[in-house]
Every structure is written in structure tokens, then in C-alpha cells.
Amino acid sequence: MEIARGCPIGAMPYTIKEGDSLYTIAQEHNTTIDILLRINHGLEEDFIPAGVTICVPMDIEICPGELYEVQEGDRLYEIAERYNLRVIDIIRNNPFIDVYNLMIGTRLCIPIPTQDCQEGDRIYIYQEGDTITTILEKFDLSFQEFYRANEHLDLPRLTMGDRICIPDKKGFNVSRSGKEYIIGMGEDIYGLSSRFRVSVGELLIDNPKFSPSDFISGRVISLPVRAREVF
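In our numbering, the protein residues as written are 1 to 231.
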């Protein structure tokens with residue numbers, strides 16, 4: 001009987017000893033019988049001869065992060081939020097947990113989040129319904145500020161749970177890609193968006209150093225090439 005020919009990521013080989021059972025092996029390695037059967041195709045619960053090598057979840061003590069013991073009522077997404085992580089980050093470090101049935105007392109390896117933000121920046125977790133435009137509006141940022149703070153991210157493919165950096169500094173200077181326009185009295189970015197039939201996002205991208213609140217009377221901005229005034 002040959003089981004382990006190369007264990008998957010997060011698992012290591014274990015040679016069955018005389019007197020072992022799947023129950024004692026599961027207890028010893030902080031896992032369940034179901035998980036042992038799942039990662040050892042062909043293993044039989046009632047027949048595990050000594051000398052056979054199987055795969056077991058890797059010893060949690062070598063966790064390259066922080067150990068967390070599951071408490072009553074814990075849900076994976078709540079644990080992820082508590083540590084400012086995505087659920088997938090925890091799953092990758094704990095590939096053999098049952099995400100739908102966390103057992104009280106199970107020890108999880110919580111990864112240490114990589115720090116890509118600059119000192120002074122704040123971290124924001126991308127939420128359902130967020131877009132780059134809504135974030136620029138929410139935090140009053142220019143597109144250039146946002147881009148420079150998040151060059152390490154694939155911005156067009158941001159997904160829920162992604163950690164993004166909110167910078168605390170800003171600068172001016174218009175990047176001209178269309179025609180110049182001097183903002184009139186009482187106008188703001190939303191009125192300009194409606195007047196010239198362009199989105200708020202387009203105005204911010206065409207003026208990458210301006211945040212939404214920078215679109216004030218007397219300021220010279222660049223209108224997108226496709227801007228068409230509505231009379």
C-alpha cells in the first residue's frame with residue numbers, strides 16, 4: 001500500500017507507526033479524519049498498516065506569522081477582517097481547514113501582511129461596490145496620488161478585500177491631454193461632469209494631480225478630448 005508520492009503545499013509526509021489510527025494521527029497533527037482522507041487518495045479509515053507514508057498538514061508551529069486559536073462563534077471572514085487580511089490569505093496559509101465548519105480550538109496560521117504603504121499612509125480594504133473613482137471621491141485624492149501610492153497593485157483588477165494605500169500628501173500641476181477650461185463661479189467637478197458629458201473619473205484621470213475638492217472657481221483644468229458641452 002503506497003499513498004504519499006509527494007505531498008501538496010501545506011502538507012508533509014508522515015510514516016504510520018504501530019498502534020496508530022487515523023484518529024490519533026488527526027489529534028497529533030491538529031486536523032480531522034476527513035481532511036486526512038481527502039489529501040490521501042486511496043487511504044482507508046479502517047486499514048492503515050504500519051510503515052505506510054501518508055500526508056498530514058504541516059506542523060502549525062513553523063507558521064511564518066501569528067498563531068490564532070479558533071473561538072466559539074468565529075467565522076473565517078471575521079478573523080480575516082480582524083487581522084486586516086483577505087479570506088484567501090488565511091486559506092493559503094491553512095489549505096486543509098474546512099472553511100464552512102471551523103472547529104473550536106483549531107489553530108490557524110495568520111500570515112503577516114506585507115507592508116507596501118509608505119509611512120503616514122493609511123490602509124483601506126477594498127469593499128463591494130468600490131471603484132477607483134468612488135475611492136478618489138471618498139478620500140479627496142487625485143488619480144496621480146492614488147496611483148503613486150499603489151503602484152504595487154494591479155489597479156484595473158482590484159477585488160474585494162484588497163489592501164490599498166491612502167496617501168496623506170498631495171500636489172498640483174495640470175497634465176494637459178485635452179483642452180483647457182477655467183472653472184466658473186459655483187462650478188464643481190459634478191457640475192462639470194454633467195455639463196461636458198464626461199464622467200467624474202475621466203476628469204480626475206485627465207487632471208491626475210487634482211482631487212475632487214480641487215475643482216474650484218478660477219482653476220485651470222484639462223477637459224477630456226471627448227468632452228462636449230451641453231447647452
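Every residue gets a Cβ at the ideal spot worked out from N, C-alpha and C, and that includes glycine.
Relative to the Cα of I48, the nearest Cα in the group I25, R228, S142 belongs to I25. Here N101 is exposed: its Cβ has fewer than 16 other Cβ atoms, across all protein chains shown, within 10 Å. Counting of Cβ neighbours within 10 angstroms places Q144 among the buried residues, the total reaching 16 or more. Going by DSSP, K179 is part of no alpha helix (DSSP H) but of the beta strand (DSSP E) stretching over 179–182. Here I54 carries a strand assignment [DSSP, helix/strand/coil].
By the neighbour-count criterion, in which a residue is buried when 16 or more other Cβ atoms sit within 10 angstroms of its Cβ, P8 is exposed. Per DSSP, the unbroken alpha helix (DSSP H) holding V200 starts and ends at 200–206. At the C-beta level, Y190 and V220 stay beyond 9 Å of one another.
Burial is judged here by how many other beta carbons sit within 10 angstroms of a residue's own beta carbon; L204 has at least 16 and is buried. In the three-state reduction of the DSSP assignment, T15 falls in the strand class, which pools E and B. Y68 is bridged by DSSP to L108. Nearest in C-alpha terms to D154, of all of I132, E137, K179, is I132. Per DSSP, reduced to three states, the secondary structure at V87 is helical.
Judged by beta-carbon spacing, A11 lies within the 9 Å limit of V56, meaning their Cβ atoms are closer than that value.
If the five residues before and after N150 are omitted, its C-beta is found closer than 7 Å to the C-beta atoms of I164, C165, all from its own chain and listed in chain order.
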